[in-house]
Structures are given as C-alpha cells and as structure tokens.
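Colleague: Residue 1 is where the sequence shown starts when you use the UniProt record's numbering, and the numbers rise one by one after that. Ideal Cβ placement from N, Cα and C applies to all residues, glycine included.
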Amino acid sequence: MSVHKYPRHRQITLALSGASGAPYALALLGRLLAAGMQVHLLVSSAARVVLATEEGEQWPGKPEALAALLTERYQAAPEQLLVYGKEEWFSPVASGSGAPRRMVICPCSMGTVASIAMGSSDNLIERAADVVIKEKGQLILVPRESPFSALHLENLLKLARLGVTIMPASPGFYHQPRTIADLVDFMVARILDHLEVDQDLVPRWGYGGSES
Numbered sequence: 001m002s003v004h005k006y007p008r009h010r011q012i013t014l015a016l017s018g019a020s021g022a023p024y025a026l027a028l029l030g031r032l033l034a035a036g037m038q039v040h041l042l043v044s045s046a047a048r049v050v051l052a053t054e055e056g057e058q059w060p061g062k063p064e065a066l067a068a069l070l071t072e073r074y075q076a077a078p079e080q081l082l083v084y085g086k087e088e089w090f091s092p093v094a095s096g097s098g099a100p101r102r103m104v105i106c107p108c109s110m111g112t113v114a115s116i117a118m119g120s121s122d123n124l125i126e127r128a129a130d131v132v133i134k135e136k137g138q139l140i141l142v143p144r145e146s147p148f149s150a151l152h153l154e155n156l157l158k159l160a161r162l163g164v165t166i167m168p169a170s171p172g173f174y175h176q177p178r179t180i181a182d183l184v185d186f187m188v189a190r191i192l193d194h195l196e197v198d199q200d201l202v203p204r205w206g207y208g209g210s211e212s
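1) Counting only runs of 3+ residues fully inside the segment 103 to 175, write out the beta strand (DSSP E) ranges in chain order.
2) Going by DSSP in three states, Val197 sits in which element: helix, strand or coil?
3) Give the list of continuous alpha helix (DSSP H) stretches no shorter than 4 residues that lie fully inside the segment 27 to 67.
4) Would Pro143 be called buried (16 or more neighbouring beta carbons within 10 Å of its own) or exposed?
5) Among Ala181, Leu151 and Gln138, which one has its Cα closest to the Cα of Met167?
6) Got a sec? Which residues, its chain only, sit under 6 Å from Ala114 by beta carbon, not counting five neighbours each side?
7) Between the alpha carbons of Lys5 and Ala65, how many angstroms are there, rounded?
8) Once you ignore the five residues that flank Glu54 on each side, which residues in its own chain have a CB closer than 6 Å to its CB?
9) Of the choices Asp198, Leu183, Ser91 and Arg204, whose alpha-carbon is the least far from that of Tyr24?
10) DSSP three-state call for Ala15: helix, strand or coil?
11) Would you check if there are 3 or more beta carbon pairs closer than 8 Å linking the segment 42 to 59 to the segment 192 to 207?
12) How about Ala25: is its Cβ closer than 7 Å to a heavy atom in the ligand ZN?
13) Kindly give me the distance between the Cβ atoms of Ala94 and Val83, rounded to whole angstroms, as I take these residues to be in contact under 8 Å.
14) So, helix, strand or coil for Val83, using DSSP?
15) Helix or strand or just coil, what does DSSP make of Glu88?
16) Using a Cβ-Cβ cutoff of less than 7 Å, which residues in the same chain neighbour Glu57 once the five nearest sequence positions on both sides are dropped?
17) Taking the alpha-carbon positions, what's the Ser121 to Leu28 distance?
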C-alpha cells in the first residue's frame with residue numbers, strides 16, 4: 001500500500017455512514033477519483049445496508065475486495081483508492097502524522113454527528129474525523145435527516161463552532177434539474193467547490209447560463 005505516492009494535498013478521506021443518500025456518496029467518489037485525488041474510503045456497516053436499499057448494491061466486506069471492485073468500476077489508478085476496515089487502527093487516517101487534511105462524511109448520520117461532537121473514537125470513521133478536527137484540517141459533514149431535533153441542531157452547532165462545515169443534503173432547484181442525477185450533481189458540486197476540486201457539474205452563478 002503506497003500512501004505517499006500522492007502528496008497530502010492530493011489525498012482526501014471519504015466516509016459513508018448510515019444516513020440516506022447513497023447516490024451522493026457514489027457520485028462524489030467517482031468525481032474525486034476522476035480528478036486524480038487519492039481517496040481513503042471508510043464505510044460503516046449501516047452504510048452498507050443503505051447502499052443495498054437505495055442502490056441495490058452488495059459491497060464485499062473485506063476492504064481489499066471492495067477496493068478492487070471500486071477501482072475497476074471507476075477505472076482508478078493502482079493504489080488511488082484505499083479502503084480500510086472499521087477498526088483498522090494502524091491505517092494512515094487514524095493518526096495526525098499520516099491522515100489527509102481533508103475529510104468528507106457523506107452521507108452523515110445523526111449518530112455519527114453525535115459521536116464526533118462528543119469526541120468519541122469508537123470506530124475508524126469517528127477517529128478519522130477527530131484527527132482532522134484536532135489537526136485543524138477541513139471536515140465536511142453532509143447530514144440527511146428531517147426534521148432535525150434540538151439535540152441534532154445542538155450537536156451540529158457545536159461542530160460548526162469548531163470549524164466543521166455542515167452541508168445538509170438539500171439540493172437547490174434554480175439550476176432547473178430534470179433528473180435525480182441533476183439533484184445529486186448539485187450537492188456533489190458544492191462539496192467539490194469547498195474541497196477546491198475543479199468541477200463542471202453545474203453552471204456557476206453570474207458566469208452565463210443558469211445559476212449554480
């Protein structure tokens with residue numbers, strides 16, 4: 001496994017937790033790989049259930065098998081996609097000395113939000129998020145819940161005050177979407193913009209065509 005083949009600014013951690021929104025995660029993963037980023041992928045058990053429900057996909061449980069499957073699907077370069085188990089504590093994302101400085105949890109469940117807000121590190125997703133926060137990196141959470149309870153909002157506010165970007169999965173309609181893919185692209189475009197990864201999924205506001 002060659003992590004240092006890619007400089008740190010070309011590495012991103014992407015985690016999938018158990019909220020609805022699998023299409024966002026799959027589209028984001030594809031765009032990050034197409035942009036030449038090295039992706040450190042973390043997938044919770046609940047996320048696998050969501051993927052099966054929303055996309056009809058049964059992802060293999062072993063990280064090596066999942067990496068091979070997704071590398072072939074997205075035509076990624078060798079070692080461009082790294083997949084870790086939920087308790088793989090010796091992975092780069094578990095330590096500030098090795099972890100990418102950018103991380104997205106998409107979709108992000110309210111349980112994951114609560115654990116991160118409390119500083120819990122009971123699994124690798126929580127630990128990776130904790131590392132990014134303590135190292136003052138960029139953490140983007142894409143929660144998908146409705147309605148939010150007061151407790152949800154308190155946890156999100158706590159994280160926002162720590163510098164975490166809260167980006168609810170609430171696509172706009174002013175770009176005149178015609179398909180579900182158009183709605184997914186809107187959110188993926190916003191995430192990529194915040195990561196400073198080039199994208200042309202939706203027109204930009206004020207630059208001709210529809211707004212973005």
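Modeller: Once the coordinates are examined:
1) 138 to 143
2) coil
3) 45 to 55
4) buried
5) Gln138
6) Asn155
7) 21 Å
8) Ala22
9) Leu183
10) strand
11) no
12) Because no ligand of any kind appears in the structure shown, any question about the ligand ZN cannot be addressed here.
13) About 14 Å separates the two Cβ atoms, so there is no contact after all.
14) strand
15) coil
16) Leu51
17) 25 Å
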